[in-house]
Amino acid sequence: MDEYPEPVHEPAADALDPRAELSEFLRTRRARLKPEDVGLPDFGRHRRVPGLRREELAQLAGVSVGYYTRLEQGNGQYVSAEVLDAIARALRLSDAEHAHLTHLAKPKQKKKPAGRTQQVRGPLRTLLDTMEGVPAILVGRRSDILAWNRMAAAVFGDWAELPAQERNWARLVFLKPEYRDLFVDWERKANDVVSQLRMDAGSHPNDPRLSALVGELSVKSEEFRRLWATHDVKDKCHGIQRLHHPLVGELDLRLESFHQADAHERMLVTYHAEPNSPSAEALRLLASWGADATRAGTGTSSARTA
């Protein structure tokens, strides 16, 4: 098994508080719903809080106001799966949000420490190398970029000469100005990155490296602070990624992601263009230019793994 240097994020002074995370998540999900959204009458013109009141949400979920209030205050230790399901339905949570709520309320005990080194098997590295015409990236916990192929370097910029801790999608998107130009819809990409970090935080609230990363980005990026405060979560699996490449111009690529069977926390992410499209031709050009495309587009030399 090949082991690659993992980005080292210095431990933060303030770890993520699971009780606070549960409280804020429920509060923000409740705030986005109005009585008319869930079939309840709105008898008050002057509502003190945005969205549903606690008693309205409790009524929809079929639990007492006191029970729900304790849960929203972060006391989820003894809540049953059935109650969580009822609250998720009342809040109209997505599948990803439902899973996040369950992780926050009933965190599982991890057999391995959350901050352990992420490893990449040799066959996965070989698989990346064989995907010659398709940009492919192996993404791990905390949005760390663990390995990538030559086409990914040509499209997104090669990360081999970056310090290990900077090989991270969140750091790149929020702290590197060139990535604002690369992503046509930068706001959407930023929201996706933060939403996936939120999912990670729900599953691993005691990860000191994740806490450090969140702390650093919160200090350095106002946009990150704003998006992190929304408590949105997403487990993105597919979609269209629109890019403005410095050499070939506009690229419309289809994003597909695949969780690793023996390590669900890691994802193989691929990008392909529709056959015979301008984007497909642009990818062929980048493939033919190889390392020259990487150097011209990003100012770094070509490499494939961290």
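In our numbering, the protein residues as written are 128 to 433.
Here a beta-carbon is modelled for each residue, glycine too, at the ideal position from N, C-alpha and C.
Whole-angstrom distance between residue j and residue i, CA atom to CA atom
i	j	result
L299	H372	16 angstroms
W416	L374	11 angstroms
A400	A407	5 angstroms
Q246	E350	31 angstroms
L211	T229	7 angstroms
L370	A188	43 angstroms
D276	A208	First, the residue type needs correcting, since residue 276 is Asn and not Asp in the sequence shown. Straight-line Cα distance between these residues: approximately 42 angstroms.
K361	R181	25 angstroms
Q323	C364	11 angstroms
L255	W313	26 angstroms
K303	Q368	18 angstroms
P290	R393	21 angstroms
K316	L149	25 angstroms
Q387	Y306	27 angstroms
D144	S270	20 angstroms
E383	V192	42 angstroms
P134	S338	Only weak support is given to the placement of P134: the predicted model assigns it a pLDDT of 47, under 50, and the question is left unresolved by the model.
L380	R325	25 angstroms
Y205	T257	49 angstroms
Contact under 7 angstroms by Cβ, residue i with residue j
i	j	result
V311	A297	no
L413	A281	yes
H358	T155	yes
L184	A215	no
R252	A274	yes
Y398	P250	no
S203	A232	Here residue 203 turns out to be Gly, not Ser, going by the sequence shown. Contact: yes.
L160	L179	yes
S443	F301	An answer regarding residue 443 cannot be provided, because it is not within the stretch 128 to 433 covered by the chain.
A147	P177	no
N318	L354	yes
I272	V396	no
Strand pairing of residue i, partner residues [DSSP]
i	result
G376	H372
S384	V396
Inset, instruction - Can you check the segment 276-362 for any alpha helix (DSSP H) of at least 4 residues that lies completely inside it and give the ranges in chain order? - result: 277-283, 296-302, 304-309, 313-330, 335-347, 349-355
Legend entry - Every unbroken beta strand (DSSP E) inside the segment 218-275 [3 residues or more]: 263-266, 272-275
Legend entry - Cβ contact (3+ pairs, closer than 8 angstroms) linking the segment 312-331 and the segment 281-292: The count of Cβ pairs closer than 8 angstroms, one atom from the segment 312-331 and one from the segment 281-292, stays below three, leaving the stretches out of contact.
Inset, instruction - Mind listing, in chain order, the continuous alpha helix (DSSP H) runs of no fewer than 4 residues lying wholly within the segment 139-213? - result: 145-158, 181-188, 192-199
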